[in-house]
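Chemist: Just add 1 to the spot in the sequence shown (first one is 1) and you have our numbering. For every residue, glycine included, the Cβ atom is placed at its ideal position computed from N, Cα and C. Sharing a structure with you now.
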Amino acid sequence: LDSLDLRDDETLEAYIVGVDLAGDEAASPTTEHEALIQYAQQQGLNITLHAGECGCAKNVYDAVRFGAQRIGHGVAALQDDDVLATVKAKDVLLEFCPKSNLQTKAIESLDSLDLQRLLKENIAFLINTDNRTVTQTNLLDEYALLLEHKLLNWEDIVRINFKAIDYTFANSSTKQWLKQQFEVEAH
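Put into structure tokens, the structure is as follows:
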């Protein structure tokens, strides 16, 4: 790791904006990768960590503590009010993948996803697909599933996607441009 310094390479800096640490968190929790995460932060990179898919809210807490700006899955945070409060206080976005979370048994049913609570409490989240080749889904299928089960309505989907722009790893001018484009397309 010491041989790579992204701050000194303008070419890499233009294309690498963050890291996403994913994998079997039960076998290899975030705490085992603290040095790598710290190194990425020292390089000025944004951090996404997968946590809370194996049912352990502490993994979500650890991911927030290590400075994750986004947490892949994060569904276990819904089981622990203190962890959810920490996610909110640190303004971390949770990336939910409903079909994948059902397949991996991270949630027992879609009712486990209290998305209306998150909306009411202004906790940032986004709907994702996870590994599309394994899950055999796409974003429209994920939305349709949530609409069918009345976990979200169309206005909710528009709202969470607009808010999610703030959590992209883009610069502020790109975020502003994305918001303008979104406003045009959404209305």
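Buried or exposed for Thr49, going by 16 or more other Cβ atoms inside 10 Å?
Modeler: So Thr49 ends up on the buried side.
Chemist: When you compare each of Leu103, Asn123, Glu109 to Val192 by their alpha carbons, which one comes out closest?
Modeler: The structure shown does not extend to residue 192, since the chain is modelled only from 2 to 188, so the question has no answer here.
Chemist: Hey, Ala52 and Gly75: beta-carbon distance below 9 Å or not?
Modeler: In contact: Ala52 and Gly75 (Cβ atoms closer than 9 Å).
Chemist: According to DSSP, what are the bridge partners of Val93?
Modeler: Beta-bridge pairing links Val93 to no other residue.
Chemist: Taking just the CA atoms, how far does Lys100 sit from Thr138?
Modeler: Taking the straight line from one Cα to the other gives about 8 Å.
Chemist: So, helix, strand or coil for Lys176, using DSSP?
Modeler: Lys176: helix per DSSP, three-state reduction.
Chemist: Measure the alpha-carbon distance for His188 versus Arg160 and round it to whole angstroms.
Modeler: Going from the Cα of His188 to the Cα of Arg160 covers about 12 Å.
Chemist: Please determine, among Glu186, Phe67, Ala23, the residue with the shortest C-alpha to C-alpha distance to Cys55.
Modeler: Among Glu186, Phe67, Ala23, the Cα nearest to that of Cys55 belongs to Ala23.
Chemist: Buried or exposed: Leu147, going by 16 or more other Cβ atoms within 10 Å of its Cβ?
Modeler: The residue is buried, with at least 16 neighbouring Cβ atoms inside 10 Å.
Chemist: Residue range of the alpha helix (DSSP H) that Ile72 falls in?
Modeler: Looking at the DSSP string, Ile72 is not in any alpha helix (DSSP H); the run it does join, the beta strand (DSSP E), is 71-74.
Chemist: Let me confirm a value: Val185 is counted as buried when at least 16 other C-beta atoms fall within 10 Å, else exposed. Which label applies?
Modeler: Looking at its Cβ environment, which holds fewer than 16 other Cβ atoms inside 10 Å, Val185 is exposed.
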